[in-house]
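From first to last, the protein sequence lines are chains A and B.
Each residue of the first sequence is one higher than the one before, counting from 904 in my numbering.
Each residue of the second sequence is one higher than the one before, counting from 904 in my numbering.
2 protein chains.
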Amino acid sequence: MARKAPTIRDVALRAGVSVATASNVVNGNRPVGEESRSKVLEAVAALGYRLNRAASSLRGARSRLIGMVVPDIANVFFGELVRDVEELAEKDGYDLLLVTTSEDPAIERRRIEALVSRRIDGLLVVPSRDDTVAALLNGPDGAFLPPTVLIDRGDPSPGLDTVAADCGAGGYAATRHLIGLGHRDVAVLAHTTQLKNITARVDGYRRALRDCGLDGRERICVGGHSLDTLRGAVELELHRADPPTAIFALTNISALAAIKAARGLGLDIPGDVSIIGFDDFDWMLALRPYLTTVAQPIGDFAACSWRRLIDRINGEGEPPGLRIELPCILKVRESTGPARMRLKTAAAP
Amino acid sequence: MARKAPTIRDVALRAGVSVATASNVVNGNRPVGEESRSKVLEAVAALGYRLNRAASSLRGARSRLIGMVVPDIANVFFGELVRDVEELAEKDGYDLLLVTTSEDPAIERRRIEALVSRRIDGLLVVPSRDDTVAALLNGPDGAFLPPTVLIDRGDPSPGLDTVAADCGAGGYAATRHLIGLGHRDVAVLAHTTQLKNITARVDGYRRALRDCGLDGRERICVGGHSLDTLRGAVELELHRADPPTAIFALTNISALAAIKAARGLGLDIPGDVSIIGFDDFDWMLALRPYLTTVAQPIGDFAACSWRRLIDRINGEGEPPGLRIELPCILKVRESTGPARMRLKTAAAP
DNA sequence: TTGAAAGCGCTAACAC
DNA sequence: GTGTTAGCGCTTTCAA
Chain A
904 MARKAPTIRD VALRAGVSVA TASNVVNGNR PVGEESRSKV LEAVAALGYR
954 LNRAASSLRG ARSRLIGMVV PDIANVFFGE LVRDVEELAE KDGYDLLLVT
1004 TSEDPAIERR RIEALVSRRI DGLLVVPSRD DTVAALLNGP DGAFLPPTVL
1054 IDRGDPSPGL DTVAADCGAG GYAATRHLIG LGHRDVAVLA HTTQLKNITA
1104 RVDGYRRALR DCGLDGRERI CVGGHSLDTL RGAVELELHR ADPPTAIFAL
1154 TNISALAAIK AARGLGLDIP GDVSIIGFDD FDWMLALRPY LTTVAQPIGD
1204 FAACSWRRLI DRINGEGEPP GLRIELPCIL KVRESTGPAR MRLKTAAAP
Chain B
904 MARKAPTIRD VALRAGVSVA TASNVVNGNR PVGEESRSKV LEAVAALGYR
954 LNRAASSLRG ARSRLIGMVV PDIANVFFGE LVRDVEELAE KDGYDLLLVT
1004 TSEDPAIERR RIEALVSRRI DGLLVVPSRD DTVAALLNGP DGAFLPPTVL
1054 IDRGDPSPGL DTVAADCGAG GYAATRHLIG LGHRDVAVLA HTTQLKNITA
1104 RVDGYRRALR DCGLDGRERI CVGGHSLDTL RGAVELELHR ADPPTAIFAL
1154 TNISALAAIK AARGLGLDIP GDVSIIGFDD FDWMLALRPY LTTVAQPIGD
1204 FAACSWRRLI DRINGEGEPP GLRIELPCIL KVRESTGPAR MRLKTAAAP
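Rendered as C-alpha cells:
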C-alpha cells in the first residue's frame, strides 16, 4: 500500500532503455525496435507500471477524457444514451466524465466549465436549452470548448454538430395513426415548448391535423419537467367539457403522466382515451395496456455522435456545423384504439 | 478560439504577486493578505483564469476526481444511484468518472485500473461479484486503490466499506406478505445466486417459509441477467404441473420478466399469480396492476456512501471495513392478492 | 505574509 | 531506432 507507483523512468531503467523509448512503447507513438519493445513490455509487467494520464495530458498529449452532459441520468432515455456512448468510448480508449444539469442552464454552464478545466478532448451534450452551448462557444469569455457534439437537442450552429431524431416525422406519424383511428380531438402533452425537438413534434402533429382537415383543433398542454406537474396538466385537460379522445405524450415521462392521469380519473385506456408515447423502454411492454409509442433510435444517437466526435478530435471528416437527423419508428401496440363518439364526462374528483 | 488559456503565472503577473500567492488565493490553502487577495481575484476574473487540474493533481494535490463503477447505467436502479451521487459530488467540488462493467469482472478490472491511472481520489463501486474489488485491493499487483466504498453488493473486507440494504429483512417481509395472503407455493426469481445481496433475499424468503411451517416448499428460479432469459426461467416454472401461485422477483428487471411471462401465458395478475418485485420506480405505479414491491432506499445509499467516502479521503471517521445496512420498505399495491386454491393449468403456447 | 525555486511524470523536439 | 533534454501548469518546501 505504501509503495510508490512506478514511473516511466523506473520502467526505462529496468529495461535498460531511455525514457523516450519506453514512452514510445507504452503509447505506440513511434516505431521501436523489437528487442527494446519486448524488454520494455517485460519491465512494465514486472513493475505493474501504469501510465499517469494527468502527467501526459499536462505535457500536451490527449487527455483521452470526454465530457458527457445530460439533464438527468436517472431518466432511462439518457441512461441508455450514456450506456451506449460509454461502451463506444471504452473501445476507443476514452473515459467519460459524466455530469448532470437538472435541466438548469446555470448549472449546465458551471458543469461544462468544470469539464473544460479537466482538459477534456471532446464534449457530448444534451443541452438544457437549444442555445446554451452555442452561447458558451461564442461567449465573451471566449470559452474554450473542445470539439463538441450536441445530442437530441440544440440549434444548428456554426461550430457545433447536432445528432437528433426527425421529430417532425415522428410527431406526424403518431398523429396520423390517431386520426386514422377516428380521433378528432387529440391533445398533445409537452413538458416544455422551449425546446425545438419538442416543438418539431408539435409541428408534425399540426401538419397531420392540417392534412386531415382538422385545423384549429389543436390542443397543446404544457406540463413542466416533473411527473406530477405533467399529470396535473393532463387532468386539467381531461376535466374540460369536451375532453380529448386521445393524448399524444411527447416524452416517456409525459406518457407515464398521461397514463396516471387517465387512471386516476377512472378512464379506460384505450376505451375512453387513447395514449401514445415517445421513446421505447422495457416497461412499456410489460404492464397493460402495452403502450403505443414513437421510438427514437438511441443506439444510433450514440454511434453517430461518437463517430462524429472522434473525427472532429482527429481533425478528420467534414468541418463542424453538421446536423444529422435519424428516423423514428412508430410502434403500434394496445394503448391506442378507435375513438369513441362521445367520451363520458370525467367525474369530478 | 486560438487564445491560449491563461495560467497561474499570467494571473500572478497581472496581479503583481508571486505565483505562490496567486495559487494560495485560488485554492485557499494558506492565508493571504487582504490586498494581494483582491488583486489576484481581480486578475482571475479579468483573464478568465481556470485552474488546470491535470497540473495540480500531477503536483500531488487532490485530483478531485471520483471513479464510479456500475454494472449498467441504463438500469434505473443504477441510474438513480449515479444521479444522487453526482449531485452530492458536485456540491463538494468533485467530478465523476463513470464506468460501466456489463457485470463482467474482467471488464470491471480493466475499467478500475483505467480509473486508478487517472489518479482518482476515491472510488465508488457496485461490483460485478462480491469479491472482485477485495481481490484487486489485496492483489499481487498491490493495485493501488484509493479509498473505496462498495454499494449494494460486496463482501465485508478489511480495507473496504460497504453500503447496502438489509436484504434479508426485505426478503422476509415480502414472503410473509405473500404467505399472509394464503400463498403456499411461492417461487423466487433471482438473476443469479452468486451475489450475497441476492442470496440474502433468498434467505429471508426461506426464513419466512420456515417460520410458517412451509419448509421444503422452496422454489428458486435462476434466470441470468437479461430480461429474456429471466422470462424464460419464469415460463418454465409456470409450466410445471404444480405452478406457483406467487412469484417474488428479486430485482426490478426480474419483476418485469415475471410480469411478461405471466402475460404471455394469459395469466391474470394477481388473480392467477401474485407478483411482488424489488425496487420502486415510476413505471410500477402507472400501468396496471400497480406493482407490489420491496423498495430500497437508493437516496440513502448515495448519501451514506458519499459521506463515508469523503471522510475516508479526508482521513476522518472510523477506519475502513465498515458495513452499513439500510432498511427496505414493503409497498403493498395491486399485483399481490389472495391465493387461489387451485391455479388453472397454464395452456401450452 | 510573501517569493524563489524545485520538481510531479510525462511527451515532443531535437540530436545522434 | 534511440537517447537527451526542456518544459507542460501547478503546489510546496524553504527562506526571507
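Glycine included, C-beta positions come from ideal geometry on N, C-alpha and C.
Of the listed residues the options, nearest to residue i (C-alpha basis)
i        : options                                : result
L1018(B) : G1240(A), I1023(A), L1000(A), G1025(A) : L1000(A)
P1223(B) : P1050(B), A964(B), A977(B), G1025(B)   : P1050(B)
P909(B)  : T1154(B), G951(B), E1121(B)            : G951(B)
D1055(B) : A1093(B), N1100(B), D1088(B)           : N1100(B)
N1217(A) : P934(A), V914(A), A964(A)              : A964(A)
N955(B)  : R1079(A), E1016(A), F1181(A)           : E1016(A)
F1151(B) : I1172(B), V1029(B), L1053(B), D1131(B) : I1172(B)
G1202(A) : G936(A), D987(A), A977(A), V914(A)     : D987(A)
L1215(A) : D1024(A), R1243(A), T1035(A), I1010(A) : Reading off the sequence, residue 1215(A) comes out as Arg, not Leu. Among D1024(A), R1243(A), T1035(A), I1010(A), the Cα nearest to that of R1215(A) belongs to D1024(A).
A1009(A) : L1039(A), G1220(A), G1126(A), V1176(A) : L1039(A)
G1126(B) : N978(B), T1148(B), L1092(B)            : L1092(B)
A1090(A) : I1178(A), L1130(A), G1057(A), G1071(A) : I1178(A)
R1062(A) : E993(A), A1077(A), R1134(A), G1042(A)  : Going by the sequence as given, residue 1062(A) is Gly instead of Arg. With distances taken between Cα atoms, G1062(A) lies closest to G1042(A).
L1141(B) : S1129(B), L1170(B), R1120(B), T1132(B) : L1170(B)
A1077(A) : G1240(A), V935(A), D995(A), V920(A)    : G1240(A)
S1020(B) : E1121(A), D913(A), A1242(A), R953(A)   : R953(A)
Y1075(A) : S1238(A), S959(A), I1232(A), L1139(A)  : I1232(A)
G1167(B) : L961(A), A946(A), Y1193(A), V1137(A)   : Y1193(A)
L1112(A) : A1103(A), R1079(A), R1022(A), P934(A)  : R1079(A)
R918(B)  : G1107(B), P934(B), A946(B)             : Rather than Arg, the amino acid found at residue 918(B) in this sequence is Ala. Minimum Cα distance to A918(B) is reached at A946(B).
E1121(B) : D1088(B), A1136(B), T1132(B), R1143(B) : D1088(B)
L1153(B) : T1196(B), G1135(B), E1138(B), V1176(B) : T1196(B)
E1237(B) : A1144(B), R1134(B), L1084(B), H1094(B) : L1084(B)
D1034(A) : T1132(A), V1235(A), L1053(A)           : L1053(A)
Which residues DSSP lists as bridging residue i, in chain order
i        : result
I1232(A) : A1198(A)
G1025(A) : I969(A)
S1177(A) : A1149(A)
V1002(B) : V972(B)
L1092(B) : C1124(B), A1152(B)
R1226(A) : T1065(A)
S1060(A) : L1063(A)
Range of the contiguous alpha helix (DSSP H) that encloses residue i
i        : result
I1273(B) : Here chain B comprises residues numbered 904 to 1252, so residue 1273(B) is not present and cannot be evaluated.
P1192(A) : Looking at the DSSP string, P1192(A) is not in any alpha helix (DSSP H), and its letter there is neither H nor E.
I1101(A) : 1099-1114
S921(B)  : Unbroken run through S921(B): none, as it is neither H nor E.
N955(B)  : Here N955(B) belongs to no alpha helix (DSSP H), and DSSP marks it neither H nor E.
N1041(B) : 1035-1041
P909(B)  : Unbroken run through P909(B): none, as it is neither H nor E.
R1134(B) : 1130-1141
P1008(A) : 1008-1019
A992(A)  : 979-994
Bounding residues of the beta strand (DSSP E) (the contiguous stretch that carries residue i)
i        : result
V1066(A) : 1064-1068
Interface positions of the segment 976-1010 of chain A facing chain B (Cβ-Cβ less than 9 Å), listed along the chain: I976, A977, N978, V979, F981, G982, E983, L984, V985, R986, D987, E989, E990, E993, G996, D998, L999, L1000, L1001, V1002, T1003, S1005, I1010
Taking any Cβ of chain B, which residues in the segment 943-954 of chain A have a Cβ under 7 Å from it, in chain order? G951, R953, L954
May I ask you to list, following chain order, the residues of the segment 1132-1164 of chain B that have a beta carbon less than 7 Å from some beta carbon of chain A? L1159, I1162, K1163
Determine, using beta-carbon pairs with one atom in the segment 964-982 of chain B and one in the segment 1025-1041 of chain A, whether at least three such pairs fall under 8 Å. no
With 7 Å as the C-beta to C-beta threshold (strictly closer), list the residues of the segment 1170-1185 of chain B near chain A in chain order. D1185
For the segment 1182-1194 of chain A and the segment 1152-1161 of chain A, state whether three or more C-beta atom pairs, one from each stretch, are separated by less than 8 Å. At 8 Å Cβ cutoff, the stretches touch.
Would you call the segment 1202-1215 of chain A and the segment 929-941 of chain B touching, i.e. three or more CB-CB distances under 8 Å? no
Contact the segment 988-1008 of chain A vs the segment 932-944 of chain B: 3+ CB pairs below 8 Å: no
Give me the subset of the segment 1206-1237 of chain B whose CB atoms are less than 8 Å from a CB atom of chain A, sorted by chain position. none
Selection of the segment 1011-1036 of chain B by Cβ proximity to chain A, strictly under 8 Å: R1014, E1016, A1017, L1018, V1019, S1020, R1021, R1022
Any chance the segment 1055-1074 of chain B sits against the segment 1221-1239 of chain B, with 3 or more Cβ pairs inside 8 Å? The answer is yes - the segment 1221-1239 of chain B touches the segment 1055-1074 of chain B, with three or more Cβ pairs under 8 Å.
Please list, in chain order, the residues of the segment 907-919 of chain A that have any C-beta partner in chain B closer than 7 Å. A908
At least three beta-carbon pairs within less than 8 Å, the segment 970-984 of chain A to the segment 975-986 of chain B: By the Cβ rule, the segment 970-984 of chain A counts as touching the segment 975-986 of chain B, because three or more pairs are nearer than 8 Å.
Going along the chain, which residues of the segment 1187-1200 of chain B sit with their C-beta nearer than 9 Å to a C-beta in chain A? Contacts with chain A (Cβ-Cβ distance below 9 Å) from the segment 1187-1200 of chain B involve M1187, L1188, A1189, L1190, R1191, P1192, Y1193, L1194, listed in chain order.
Listed in chain order, which residues of the segment 1110-1132 of chain B have Cβ atoms closer than 7 Å to some Cβ of chain A? L1130: these are the residues of the segment 1110-1132 of chain B whose beta carbon lies less than 7 Å from some beta carbon of chain A, given in chain order.
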